[in-house]
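Residue numbers (the numbering used here), protein chains in the order written: chain G, 4 to 285; chain R, 4 to 285; chain B, 4 to 285; chain P, 4 to 285; chain X, 4 to 285; chain W, 4 to 285.
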């Protein structure tokens, strides 16, 4: 029986925003970036995509700790509704930086519905493939969100580094910022991309200097780089896997739904837990 | 010159709530629990207390991951206003569980204003005093919030255990729950308290079984236990320091304000960081 | 397109052995223990089961380091043949203790074929679900094999304990040994099982004393316990996931096959690696 | 009530030594290096400075393991006397390298008097401010003393590196050695300092290569660099805190004295401990 | 060519002390405790025993941090003289708690003479034999000295626990204290010993509760227990190695002398190091 | 009484192989590479050398995970015979990469015969000498074998790096490969060696960049470099010990044989262990 997955966007720009992408009445496929990269993984599922909350920061991408926490909390009611509806076998939190993931897992646990997120899924898969992974990511602020996820998810021994390509996301205070998602079109058109070059350079530095043997991508706005980056690294002689978040998260959602495993009720206890433990250790 | 501290409550119950404590027009001292424990530490400062946001969960204490994240985000505008006002040398986030702490530090860093929180301050001070601390705390759900703070703050090697006294906080779904804060009056009146007895038992188990050599308290609703717990443990022969959150946080705020140190701008980068680092490591 | 999985047994007893189970000409389903537990996970795949090498230890189960290493090496030619054949999208190494896993992954990497194993898959999934897992396992010798896998797979911080139920596997030198796999029939018949009772007791001890929030099973001869153990623990009030190896490994194989990811070529370099790194770090 | 602090020098040169600095009958302020950096932190205290033992190494600064251990032991009687006198609320051990610190804390614990030291205080404060700190320090031998303090204080995960500026301290066998403390006058006079330039270079390397997000200074002879180094780094765009030992130690002493916390009696047990624990763990 | 070893006592009681053991003019064999345990290991060496410094604490054994540091420094001139003399191929620091070991190694490095100590040698050998060792030791204060050695020697992941048998060493303030060294005669005479029984009990607890798979002894005053403890544990079914300090240290001294390896000059740099490294990491 | 050591080769080339070195009827000394480096360490022992299994890989050196596992298993019967014979006090497994070591220790434990191996011995000795060691090694594939040994032996915190000199071992698929063992003759003849130069360069990088304070050699085919590398590094001013495997292993074998310690029976349990432990921890 096909598993039913709800993909929830981290946030949406208002329709009148210059950063607004796909109309809400576009097809579900059109509302997902880079669909060609992972669409086939959804073929054996029943799925839909939820637009997520309207971002409260105007024409700014989410990049700071405060912005991540805020949209994370705004997404929780949607997670709660999805889990309570009985309509979904798993919830996939889209976007890099995993806003609201821990809280959403707590909700999912109560309903027996696995909830997955892109950075967590990538790190988990990367840890399956080798000894250490590095994160290629966009900016100082976003890097530190990734850094803190590595600590929270207890991957500090498995993460070789977070590497920055210095491409801070567009926001009003940064008028000339490169729209890194839009750079995809440049590369698709076969043209050179300084951003992609930098990602290649940092990935090679991660391999040669930091000890990385797999590469993951931090911000969802650069997930499109996955096949290009992998091809470039392979061409340079590095047999290194490169992961992006949506495919990793979708596959992890299917795995957990198939196993019937959401999250440990001891790690995410109910407020009315039936049993309690005298002690917890690290 | 005395340092100016703003203490911000994690959240306030609505005035018509049975859990509502002190009227907002009460004196600043009356609006702080256990003032006799740490009031003298404020004597050389200029201070005020902000009521924090009205909690959005009705007659429920904050206890789950979702609840902590939510009130944490609600407190951020108050932190931002305080830091931007130029009126304060440091901000003290009251309450156990440190809701919104990382995000508030990010704000503080931008204004050069140190922001401190109770669990973080207790763990930092405990780590000064010995090798390993244990957390005595109220319930499964609250325990796991503490657990996750230990991980995030990178104290896993210094935390011997989180110990539970099984006193879940009052909420409508838990009508018979003990009001642990109210138990203070019982003890102040010289009567026996099962809760305090349990805290003593768990602290002794932490010392004898888990390797703790100092004790901190998890939920602010049991901070009043500090002197009682310390006395009982000393009477039992254990020369073990017991800390509570408000005094630790106030002193840490003064220390940081005196040193003129808020937080590292590299750990909490601005979205318009002037310099960027190619890599971050763990 | 359905993924094609080859499941390879760790070893087979000789047809004349009293421990010989299913005839080689039995259906593929009949040749797999506990098929009812995970058979549905194979429904969307094309799969077969390979009998593995005939074990060189007579009527002894594999339990010591030397025995594991020996059957591990004997299984490698089968892995090599499967990977080279182009007939399989992934190889699933059956059995607890993961004999030959690292070497088999090395082979798989050369052919772009993911190879998975039961203990590694269980630990990986358990780490997705909570903070720490414990291993319930059969005997001192088998425990230490599991212990060493935890170290090799770098899960020491995530493994709360390896717990023993003192059920050493049958071997000639141990004539009265309980056939733990056969105990399944006892439980299926609704009768009490001391072995299962011990597993429950050790799992509860793992939860209450060691800090485990999920449970995995060590030896494949007790994989049948999964649903029983989970039910018993849930009945006791513990919302704790229990995993067994075959389902975890099958799902992990599908995930990796779907993502097109075998193993990092840097972690498992070819002898004719095209590029080399000056240094590797931990 | 102001706290009473006794600051104890690590050692003093003999009056006839060319390295002898301030006469013992100079004012307490004059007997402290870099007083302008931290003097204001003492304003709300009652304090005095003890000259410490006369160093037994002639015209050599303390730099090797043996020298540190020796002056550390020589300072203990002064700590004991200060703690037993009832005249002091805290003892501040001056100097880098923290000679005798663990032993002095043991003494302080018996009298309920907190004892603090410069490296320990800097590391503790640095850990409050970010993820990782680096130590800028003078020479190979002194570096390894700092290295060993990091290990003993259990900060290995929080220390990014110890960085050397290759300025070994004056000793007879090293006639041309730069007097690094004296270099302060050069910088105060507005002239260029190669030493300071090197400290800036190593601090930038610590930030860019080692992952440091705060900087501490190792040897007290370069504590004067703090404001200069911070200014230079800020001018280069790095929002990184730089700490020196005296201010950190003074503030930590005040914090501990205010909290009434000396050290854990379990970490520093009396020889006549009233209770004992069967086991200690790490 | 036989290696030449100088064994240096940690300290000696004054001749008029009731704790004074062997006259200084006794044979070298008579001046060593438990010679029958390890004497054969010296048979292929040329050796002598140095009485060490006269302990400055009267009729007290060394047990606290301050006492250890003090006798450690007092032993350094003897180490220096021995290393400089050219007469010895290695120096063995006798006694538990390793007073002055790091400083003595620094001296030895300068002369190319390996210096070994009992706790360090035991831990090193124990780590060769299994996964984790526990320390059986005498008292709270002595335990914490051992604890700190484990941290300094970076064995925290390999040490399961320090276990206490509550036998504080004789000192004037403790008139009824058991002379644990003297208890050897009781056991040699075939009589029951409560102390030894406790050591057995704690060793079994270390095995069953803490995960120890080898046992070392902390205080040299209980080194005599080694064969008895091992025999008792083997009789109870535990195939666990038990080590004492003198034999481990003697063998480690021979190994290092044979290999011509003293200590790394980078870990213990000379004050006039010829080369320096820009950074040191952990 | 001299200890009796059996040295077992990892594998031997067939007599008709171009890589075949010493005839089996050569003297025991002639059958050992670099005998002049460590022969004196055998002088006080009774020893012999066993040729090991004939390698099943034709004219290929062992370099991949699969090759190591295979020869490791082939060597076990020889270890078993040696241990059971009662003729040997210790077994020394020759060769880098330690094939079959864990399994051989399990055998040795049953007979009370210590079994040692070259990489394990080098790492153990290196850890005695300083804080961190680096491994200088030949090729990507061999590097990762060393990497995995570091993980298995739990030396990740003590190993600064594995450094590669890019000298893959001869095999038919690599016709032009340098015979690194044969390069010894070049250096012995006083001629320049690019390989040795590279080893020096990587060792210096390990010291200056990775934090190594001692150096060990990975593949036995470069063990001959030890004195040359040490001399070159000392000449460059680095007082750094360099170790090779045979001498370290021989000395460790003598140490363990002298102490009468094989391996912990709890770490390497018999299949008929007399006692069992409920839990094992990390």
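Ideal Cβ positions, reconstructed from N, Cα and C, are used throughout, including at glycine.
In this text the structure is predicted, and so the values were computed from the model without any measurement.
- Around the beta-carbon of residue 29 of chain G, fewer than 16 other beta-carbon atoms lie within 10 Å, marking it exposed.
- 210, 211, 214, 216, 217: these are the residues of the stretch 208-238 of chain R whose beta carbon lies less than 7 angstroms from some beta carbon of chain P, given in chain order.
- For chain G, none of the residues of the stretch 127-140 of chain R brings a beta carbon within less than 7 angstroms of one of its beta carbons.
- At least one C-beta of chain R is nearer than 8 angstroms to the C-beta of residue 285 of chain G.
- DSSP places residue 200 of chain R in the helix class (H, G or I) of the three-state scheme.
- Separation of the CB atoms of residue 170 of chain B and residue 276 of chain W is rounded to 13 angstroms, and the pair is thereby denied contact status at 8 angstroms.
- The stretch 35-67 of chain R contains, as complete beta strand (DSSP E) runs of 3+ residues, the segments 48-53 (chain order).
- Within chain G, 242, 243 have C-beta atoms less than 7 angstroms from the C-beta of residue 268 of chain B, given in sequence order.
- The C-beta distance from residue 253 of chain W to residue 202 of chain W rounds to 23 angstroms, too long to meet the 8 angstroms contact threshold.
- Look at the beta carbons and you see the stretch 61-71 of chain B touching the stretch 99-109 of chain B: at least three pairs across the two are nearer than 8 angstroms.
- Chain-ordered listing is empty here: chain R has no CB closer than 8 angstroms to the CB of residue 50 of chain G, the nearest sitting near 25 angstroms.
- From the beta-carbon of residue 96 of chain R, no residue of chain G is found nearer than 9 angstroms; the closest lies around 14 angstroms away.
- Per the coordinates, the alpha-carbon of residue 127 of chain B lies some 37 angstroms from the alpha-carbon of residue 12 of chain W.
- In the three-state reduction of the DSSP assignment, residue 282 of chain B falls in the strand class, which pools E and B.
- Around the beta carbon of residue 6 of chain X, 16 or more other beta carbons lie within 10 angstroms, which makes this residue buried.
- Using a Cβ-Cβ distance cut-off of 8 angstroms, the stretch 41-61 of chain W and the stretch 108-116 of chain W are not in contact, since fewer than three pairs of beta carbons, one from each stretch, lie closer than that value.
- Within chain X, the residues whose beta carbon sits less than 8 angstroms from that of residue 281 of chain W are 211, listed in sequence order.
- About 13 angstroms separates the CB atoms of residue 147 of chain W and residue 122 of chain W; that is not less than 8 angstroms, and the two are not in contact.
- Scanning its chain for C-beta atoms nearer than 6 angstroms, with the 5 sequence neighbours on each side dropped, one finds around residue 158 of chain W the residues 126, in chain order.
- Counting C-beta atoms within 10 angstroms of its own C-beta, residue 81 of chain R has 16 or more neighbours from the protein chains shown and is therefore classed as buried.
- Under the rule that a run must span 3 or more residues, the beta strand (DSSP E) segments found entirely inside the stretch 115-163 of chain R read 118-120, 136-140.
- Around the beta carbon of residue 185 of chain B, fewer than 16 other beta carbons lie within 10 angstroms, which makes this residue exposed.
- Our two residues, residue 239 of chain X and residue 279 of chain W, have alpha carbons roughly 11 angstroms apart in a direct line.
- Proximity to residue 33 of chain X across X/136, X/44, X/107, X/52 peaks at X/52, based on C-alpha coordinates.
- Just measuring C-alpha positions, the residue of X/165, X/124, X/251, X/237 sitting nearest residue 43 of chain X is X/251.
- At least one C-beta of chain X is nearer than 8 angstroms to the C-beta of residue 147 of chain P.
- No Cβ-Cβ contact shorter than 8 angstroms links residue 196 of chain X with residue 172 of chain X.
- In this structure, R/115 is the residue among R/209, R/115, R/66 with its C-alpha nearest to the C-alpha of residue 88 of chain R.
- Taken through DSSP and simplified to helix, strand or coil, residue 8 of chain W comes out as strand.
- At a cut-off of 8 angstroms between C-beta atoms, residue 47 of chain W counts as an interface residue with respect to chain X.
- Using a CB distance cut-off of 8 angstroms, residue 81 of chain B does not count as an interface residue toward chain G.
- Residue state for residue 217 of chain G is assigned as strand, using DSSP reduced to three classes.
- Under the DSSP assignment, residue 236 of chain B falls in the alpha helix (DSSP H) whose first and last residues are 229-238.
- Scanning its chain for C-beta atoms nearer than 7 angstroms, with the 5 sequence neighbours on each side dropped, one finds around residue 190 of chain W the residues 196, 199, 231, in chain order.
- Interface residue (Cβ-Cβ distance to chain G less than 8 angstroms): residue 116 of chain R is not classified as such.
- Taking residue 272 of chain B as the centre and dropping the five residues before and after it, the same chain places no C-beta closer than 6 angstroms to its C-beta.
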